[in-house]
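Okay, so here's the structure we're looking at.
There are 2 protein chains.
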Amino acid sequence: MTIKDIAKNCGVSVSTVSRVLNSHPDVSEEVRQRVLEEVERCAYIPNDSARNLVKSSSDAIGVVVRGTENLFFSRMLQTIGDEITQRGYAPVPHFIDSEADEVKAGAILEREKKLRGLLFLGGRYDYVSTELAAIRVPFVCCSYTNIFGTLNEESYSSVSIDDRLTACRAVGELISRGHRRIAAVIPARSDRSISELRYLGYLDALMENGIEADSALIEETGSFDMRESYEGVRRLLERTEDFTALFMISDTMAIAGMKALEDCGKHVPQDVSVIAIDGLNVSKYISPTLSTMVQPADEMARESVQILLKMLEDPGYSRHIRLEAVLREGASVRNV
Amino acid sequence: MTIKDIAKNCGVSVSTVSRVLNSHPDVSEEVRQRVLEEVERCAYIPNDSARNLVKSSSDAIGVVVRGTENLFFSRMLQTIGDEITQRGYAPVPHFIDSEADEVKAGAILEREKKLRGLLFLGGRYDYVSTELAAIRVPFVCCSYTNIFGTLNEESYSSVSIDDRLTACRAVGELISRGHRRIAAVIPARSDRSISELRYLGYLDALMENGIEADSALIEETGSFDMRESYEGVRRLLERTEDFTALFMISDTMAIAGMKALEDCGKHVPQDVSVIAIDGLNVSKYISPTLSTMVQPADEMARESVQILLKMLEDPGYSRHIRLEAVLREGASVRNV
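Residue numbers (the working numbering), protein chains in the order written: chain Z, 1 to 336; chain E, 1001 to 1336.
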């Protein structure tokens, strides 16, 4: 449909259509209306896109995203949405705060949107069965597990890295480069969640290598927030400078932590080596580049969708996959 | 509802309920079923949350987000969702690629979800009326304008910064600090979009200060991608080192650009000063911190929702607001 077709259908000249579209005043209201109606009538929307975007409500898959400022999740969400759409279902994304109750949000969404299944992008690690009973459709925990909880393994699926092992390998990398005084700045030692799990991995690495944990080298920030992470590293430095390496449990925390080190006159990696977990894109462009364990975000997203769709077909199906995080070496770690 | 209530309702002991919930094998299938059914029956979902999450379909407001890796948008989306929910409407977010057609996506969403209104979070600057006729509900362009297009101003609303003026002020800041050889690395000179607009602002600042534009100092990257930005700055440096400052049109581009300068042995700000536009959180934590014009993301999000809701009440209403971006001084600019 071109401007010529519209002019022809309305019985006016092309320049008149052009004047209408450009909101020129010198067109009668009657002609203007006729042209605009024709333009609207002709507005073309392909049928296949319309079909793919939203099929019947019984094809809806909810995606509850916990923490909208999480760079890692925003990267995964598009892959999840594309994968769901390609498989002929309709993604229904829903966003909640990083501290909000994803189960309640999912349960409400399930009823209101008549979902076939649910993907939780981020959530608590300590569900008990009573809570999850509110979810009456198959669901997949994407990027986390129920390791601190009591869910029956057959009642759900999960796709994530092994957080504890990944942290152990990150700290092991520091140890293999000669470090033994290794600090850890983490949201919390025992949050029954990702922070505790990665902290346990830190302790595992020390223990495996015969290094005694020193509580003076542990600092808690209360959250993943960059400002809190920055302040946490400053508090650590005020207490002690007796460490050669720093483990932080996320890239954004590490970026803020490196800034705190710098501001306190500590150079990375000359004075302090830094390693983290996540593998954000931005971490390749800071200076020095950050050594980090890269989570396979795309694979995690695709596997989660595939498992969920299999659960829809086969009510007895469930699966728990641990994908591998791979070290991406930056310039933030040196040998000592 | 506690575990005691469930035990009482099922006529079993608390420890039996506990065994069921912890998936112990020593419970009969009949009791297990009875307990789980009671647990599900009691699952508590407050009515007010259910009401707020999704009201009738005629209260649905679509939010089309263009470019899911855009850190700036992910920050605004939650504010938009909260604001829509608080005002008693239901947000319907939909994600598309940064190169996808937001109008078509919006039009499809409008029909399928029976939207009352639409918010476009990112989009093209050059709409013509024919395209937009497909959108039959009020809409707001959030973070951009129709400056290269031909829409009738009364037919829609927009909330954004003045991109051209903001770029002019960013480059003006460099000039006021003594710089006259100022390079610009941008996605494209004439994309009829944000890049062209911010490039024009760069030219404005030079002209206002009697500085002749030098095409040797302009490098195009083809996109906002960090890798392309990094390569763009390297190409610029291969061609010429005869500049003391660099203007980049987004924070993420500038972060990658500073890395390229560093890798080529140029120190920021000693050798080259760098300024950008956006004001991301991460830009406060890189080293040196980035001087950038901060977009008022929360205000932009809230104003967009408020204007859209007013358009729903009053079909004749439309408004175009330009909010002010404010310089956040970092350590990436020095006097020469």
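Backbone N, C-alpha and C define an ideal beta-carbon position, used for all residues, glycine too.
Can you pull the chain Z neighbours of residue i, defined as C-beta to C-beta under 7 angstroms?
{"i": "residue 1317(E)", "result": "Near residue 1317(E) there are no residues of chain Z at all, since even the closest Cβ is about 17 angstroms away, more than 7 angstroms."}
With a threshold of 16 other CB atoms inside 10 Å of the CB of residue i, please say whether the residue is buried or exposed.
{"i": "residue 215(Z)", "result": "exposed"}
{"i": "residue 1014(E)", "result": "exposed"}
{"i": "residue 1207(E)", "result": "exposed"}
{"i": "residue 1315(E)", "result": "exposed"}
{"i": "residue 1094(E)", "result": "buried"}
{"i": "residue 1103(E)", "result": "buried"}
{"i": "residue 1213(E)", "result": "exposed"}
{"i": "residue 11(Z)", "result": "exposed"}
{"i": "residue 1045(E)", "result": "Note that residue 1045(E) scores a pLDDT of 43, beneath 50, so its modelled location is shaky; the value from the coordinates is reported in the next line. By the 10 Å Cβ count, residue 1045(E) comes out exposed."}
{"i": "residue 1210(E)", "result": "exposed"}
{"i": "residue 1047(E)", "result": "For residue 1047(E), the pLDDT reaches just 35, beneath the cut-off of 50, and the residue's location in the model is therefore unreliable, although a value from the coordinates is still provided. Under this definition residue 1047(E) is an exposed residue."}
{"i": "residue 1086(E)", "result": "exposed"}
{"i": "residue 117(Z)", "result": "buried"}
{"i": "residue 262(Z)", "result": "buried"}
{"i": "residue 1239(E)", "result": "exposed"}
{"i": "residue 1242(E)", "result": "exposed"}
{"i": "residue 1169(E)", "result": "buried"}
{"i": "residue 270(Z)", "result": "exposed"}
{"i": "residue 227(Z)", "result": "exposed"}
{"i": "residue 1143(E)", "result": "buried"}
{"i": "residue 1191(E)", "result": "buried"}
{"i": "residue 1140(E)", "result": "buried"}
{"i": "residue 1336(E)", "result": "exposed"}
{"i": "residue 1056(E)", "result": "With a pLDDT of 43 at residue 1056(E), under the threshold of 50, the modelled position of that residue is not reliable, and the figure given next carries that caveat. Exposed, because fewer than 16 other Cβ atoms sit within 10 Å of the Cβ of residue 1056(E)."}
{"i": "residue 303(Z)", "result": "buried"}
Along chain Z, which residues have their Cβ under 9 angstroms away from the Cβ of residue i?
{"i": "residue 1071(E)", "result": "69, 71, 74 and 282"}
{"i": "residue 1259(E)", "result": "284, 285, 286, 287 and 289"}
{"i": "residue 1226(E)", "result": "281, 282, 284 and 285"}
Give the single residue among the options whose Cα lies nearest to the Cα of residue i.
{"i": "residue 320(Z)", "options": "145(Z), 171(Z), 335(Z) and 290(Z)", "result": "145(Z)"}
{"i": "residue 366(Z)", "options": "1133(E), 1019(E) and 1026(E)", "result": "Because chain Z in this structure spans residues 1 to 336, residue 366(Z) falls outside the shown range and cannot be described."}
{"i": "residue 75(Z)", "options": "1076(E), 1077(E), 1070(E) and 1329(E)", "result": "1070(E)"}
{"i": "residue 329(Z)", "options": "106(Z), 310(Z), 163(Z) and 273(Z)", "result": "273(Z)"}
{"i": "residue 1220(E)", "options": "1098(E), 1088(E) and 1235(E)", "result": "1235(E)"}
{"i": "residue 199(Z)", "options": "248(Z), 147(Z), 254(Z) and 66(Z)", "result": "248(Z)"}
{"i": "residue 1188(E)", "options": "1222(E), 1009(E), 1230(E) and 1035(E)", "result": "1222(E)"}
{"i": "residue 285(Z)", "options": "1229(E), 1115(E), 1334(E) and 1160(E)", "result": "1229(E)"}
{"i": "residue 334(Z)", "options": "37(Z), 175(Z), 30(Z) and 82(Z)", "result": "175(Z)"}
{"i": "residue 1205(E)", "options": "1269(E), 1067(E), 1165(E) and 1090(E)", "result": "1165(E)"}
{"i": "residue 131(Z)", "options": "1203(E), 1006(E) and 1301(E)", "result": "1006(E)"}
{"i": "residue 1418(E)", "options": "1008(E), 1148(E), 1161(E) and 1185(E)", "result": "In the structure displayed, chain E extends from 1001 to 1336; residue 1418(E) sits before or after that span and is not available."}
{"i": "residue 258(Z)", "options": "1288(E), 1264(E) and 1239(E)", "result": "1288(E)"}
{"i": "residue 128(Z)", "options": "1299(E), 1271(E), 1019(E) and 1306(E)", "result": "1019(E)"}
{"i": "residue 251(Z)", "options": "63(Z), 265(Z) and 224(Z)", "result": "224(Z)"}
{"i": "residue 1114(E)", "options": "1091(E), 1279(E) and 1245(E)", "result": "1091(E)"}
{"i": "residue 1138(E)", "options": "1260(E), 1061(E), 1295(E) and 1193(E)", "result": "1061(E)"}
{"i": "residue 1279(E)", "options": "1017(E), 1296(E) and 1185(E)", "result": "1296(E)"}
{"i": "residue 197(Z)", "options": "277(Z), 101(Z), 237(Z) and 105(Z)", "result": "277(Z)"}
{"i": "residue 163(Z)", "options": "177(Z), 156(Z) and 148(Z)", "result": "148(Z)"}
{"i": "residue 97(Z)", "options": "81(Z), 65(Z) and 181(Z)", "result": "65(Z)"}
Just to make sure I have the definition right: I need the residues of chain E whose C-beta is within less than 8 angstroms of the C-beta of residue i. Which are they?
{"i": "residue 255(Z)", "result": "1282, 1285 and 1286"}
{"i": "residue 36(Z)", "result": "1129 and 1133"}
Give me the chain Z residues within the contact set of residue i, using Cβ-Cβ distance strictly less than 8 angstroms, ordered along the chain.
{"i": "residue 1095(E)", "result": "77, 78, 81 and 93"}
{"i": "residue 971(E)", "result": "Since the first residue shown for chain E is 1001 and the last is 1336, residue 971(E) is missing from the structure and cannot be characterised."}
{"i": "residue 1125(E)", "result": "Within 8 angstroms Cβ-Cβ: nothing; residue 1125(E) doesn't reach chain Z, min ~16 angstroms."}
{"i": "residue 1230(E)", "result": "285"}
If the cut is a Cβ gap below 7 angstroms, which residues of chain E does residue i touch?
{"i": "residue 236(Z)", "result": "Under the 7 angstroms cutoff, chain E gives no residues; its nearest Cβ is about 16 angstroms from residue 236(Z)."}
- Can you list, in chain order, the stretches of the alpha helix (DSSP H) that have 4 or more residues and sit fully within the segment 277 to 322 of chain Z? Within the segment 277 to 322 of chain Z, the complete alpha helix (DSSP H) segments of 4 residues or longer fall at 297 to 313, listed in chain order.
- Query: What runs of the alpha helix (DSSP H), each 4 residues or longer, lie entirely inside the segment 69 to 111 of chain Z?
  - Reply: The segment 69 to 111 of chain Z contains, as complete alpha helix (DSSP H) runs of 4+ residues, the segments 71 to 86 (chain order).
- Run through the segment 1101 to 1173 of chain E for me and flag every whole alpha helix (DSSP H) of 4 or more residues, listed as ranges in chain order. Counting only runs of 4 or more, we get 1102 to 1113 and 1129 to 1132.
- Examine the Cβ distances between the segment 147 to 156 of chain Z and the segment 103 to 115 of chain Z and report whether three or more of them are shorter than 8 angstroms. No, because fewer than three Cβ pairs between the segment 147 to 156 of chain Z and the segment 103 to 115 of chain Z fall closer than 8 angstroms, the two stretches do not touch.
- the segment 1118 to 1138 of chain E contacting the segment 120 to 127 of chain Z, beta-carbon criterion three pairs below 8 angstroms: Contact fails: fewer than three Cβ-Cβ distances are below 8 angstroms.
- Message: Which complete alpha helix (DSSP H) runs does the segment 1229 to 1271 of chain E hold, if anything under 4 residues is left out?
- Response: Complete alpha helix (DSSP H) runs here, min 4: 1251 to 1263.
- Please list the segments of the alpha helix (DSSP H) lying wholly inside the segment 1185 to 1217 of chain E, counting only runs of 4 or more residues, in order along the chain. Correct list: 1194 to 1208.
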